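The structure under discussion appears below in the form of structure tokens.
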Amino acid sequence: MKNKVFVILAIGTISYLAIVGAVLMLYQADPADLQWQERETYNARQIGQLDLGMSKDSVIRILGSPDINEAKAAPKGDMQVLFYRTHHVTSDGITTKDECTPLVFRDNELIAWGNDSYRDYQDNQRRE
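Numbering follows this note's numbering, in which position 95 of the sequence shown is assigned residue number 1206; successive positions increment by one, without gaps.
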């Protein structure tokens, strides 16, 4: 009788661990479902893992839809800037650029990110 109870408990425990493991390995969190504080942390962490040269589609797959988006056709290649909220400035219910990290793309390829890169992008756009 003791062996039977032990076997049932062992099977139950192993089944439970297998299900939990499968959920943890297969579940993809959608950044859009996170609270704004969690999303800021998530975005900052994921941006820290990005590599130059990544495609815009790959970045959006990782980070989800941007909070703000700018685009412009340019002679040296189409430019696009995606803004992702990474820090809190004002409690007004509106996400603004100063609360975001800009990601700069040329022809759908990540070429830079951060405020200095965005200022460089703006300066270059004024010259063209």
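We treat Cβ as the ideally placed atom computed from N, Cα and C, and that holds for glycine. Treat the numbers as computed from the prediction; the structure is a model and nothing was measured.
query	result
Measure from the alpha carbon of I1179 to the alpha carbon of each residue in V1192, V1170, G1159, D1203, then state which is nearest.	V1192
Quick one: using the 10 Å Cβ neighbour count with 16 as the cut-off for buried, is G1225 buried or exposed?	exposed
Beta carbon of G1188, beta carbon of D1168: below 8 Å?	no
Whose C-beta lies closer than 8 Å to the C-beta of L1163 among residues of the same chain, with five residues either side of it excluded?	L1221, I1222, A1223
Going by C-alpha to C-alpha distance, which of A1184, Q1157, P1186, A1185 sits closest to L1174?	Q1157
Relative to the alpha-carbon of A1155, which residue among R1238, I1125, L1214, D1231 has its alpha-carbon at the smallest distance?	L1214
Please confirm whether R1196 and C1211 have their CB atoms less than 8 Å apart.	yes
If you drop the 5 nearest sequence neighbours on each side, which residues of the same chain put their C-beta closer than 7 Å to that of E1151?	R1196, T1197, H1198, H1199
Locate the beta strand (DSSP E) running through A1182, then write down its first and last residues.	1179-1183
What are the boundary residues of the beta strand (DSSP E) that includes V1215?	1211-1217
Skipping 5 residues on each side, what residues in its chain have a beta carbon closer than 8 Å to that of M1165?	E1220, L1221
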